[in-house]
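Numbering (my numbering), first residue to last: 80 to 369.
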């Protein structure tokens with residue numbers, strides 16, 4: 080295969096992937112899922128930012144670390160759940176309706192379908208996070224002084240970027256389960272259990288293990304175990320990125336800094352989750368009988 084044929088093949092693959100992505104994006108735009116998710120995130124961020132000050136009758140912008148800490152705590156519940164609801168029927172739903180078999184009669188590779196769906200859903204989650212958190216960030220910047228504006232801009236930039244990455248991890252977990260089951264209800268049930276374990280149960284088990292077997296766990300091992308969970312990685316990344324010296328606004332996850340793991344490595348770990356899950360989903364779908 081000469082260079083021109085290779086280039087044509089790559090452009091053809093890119094065209095197929097972009098077509099599938101556009102179809103997924105338009106479907107979510109048509110059923111208003113994107114606007115619903117963006118609205119929930121916007122309402123959530125506005126309530127966290129201003130609800131406390133409204134009680135006193137004054138519109139006061141709290142310290143950025145306090146606002147971001149509250150947003151991270153609530154977002155770690157909402158973003159994975161939203162991503163799961165977006166992706167749980169991506170493959171099993173089309174199997175049940177018969178459209179997946181029809182799609183595979185077209186001249187496209189199976190990885191084209193996986194990547195196209197992923198790109199479309201990535202656009203949906205990206206726009207939802209930017210609208211939901213970005214508008215609140217702009218309002219806070221307009222109300223703050225110069226020092227607060229810089230802190231808010233940095234903090235919300237990290238929040239938006241990490242929120243997108245966390246959402247994509249759970250979108251791919253939705254694909255993975257959707258490829259492995261034959262009923263939509265079963266896929267949703269498994270993913271809700273997985274969400275419950277990763278968001279709530281994992282931390283409780285880890286803390287119990289640390290308390291019960293303290294001689295086996297030093298601080299470095301404990302922090303590395305936290306990093307194995309993408310939701311804890313999201314929390315730790317944002318808590319370390321918050322430009323504030325107020326320890327009350329942070330949690331014990333700040334001790335991750337003592338392991339020498341900085342923000343670039345944490346972003347890299349979230350990216351690694353996405354890359355590994357995307358390869359896993361493509362491999363499963365490649366050898367799956369429809």
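Note that CB positions come from ideal geometry on N, CA and C, so glycine has one too. Note that the coordinates shown come from a computational prediction; the quantities given were computed from them, not determined experimentally.
Taking 8 angstroms as the threshold, find out whether the stretch 219-237 comes into contact with the stretch 276-296 through three or more Cβ pairs.
no
Can you tell me whether DSSP reads residue 330 as helix, strand or coil?
Confidence is the limiting factor: at residue 330 the pLDDT is only 49, short of 50, which leaves the residue's position unreliable, though a coordinate-based value still follows. Coil at residue 330, not helix or strand.
Under a three-way DSSP split, which group does residue 280 fall into?
Residue 280: helix per DSSP, three-state reduction.
Which stretch, first to last residue, makes up the alpha helix (DSSP H) that contains residue 230?
225-259
Coarse secondary structure for residue 170, derived from DSSP in three states
coil
Taking three-plus beta-carbon pairs below 8 angstroms as touching, is the stretch 160-176 in contact with the stretch 340-349?
no
Pick out whichever of 190, 302, 304 and 314 has its Cα sitting closest to the Cα of residue 77.
One cannot answer for residue 77 here, as it falls past the ends of the chain, which runs 80 to 369.
Whole angstroms is fine: what's the gap from residue 104's alpha carbon to residue 243's?
16 angstroms
Please name the residue, chosen from 162, 115 and 250, that lies closest to residue 211 on a Cα-to-Cα basis.
115
Between residue 353 and residue 193, how many whole angstroms is the CB-CB distance? I'm expecting something under 8 angstroms.
Contact check for residue 353 and residue 193: beta-carbon distance about 13 angstroms, past the 8 angstroms limit, so the pair fails to qualify.
Own chain residues within Cβ distance below 8 angstroms of residue 277, not counting five before or after:
Taking C-beta separations shorter than 8 angstroms and ignoring five residues to either side along the sequence, the partners of residue 277 in its chain run 159, 308, 309 and 310, following chain order.
If we ignore side chains and look at the alpha-carbon of each, how far apart do residue 281 and residue 273 end up?
Roughly 10 angstroms between the two C-alpha positions.
Does the separation of the CB atoms of residue 253 and residue 270 fall below 7 angstroms?
yes
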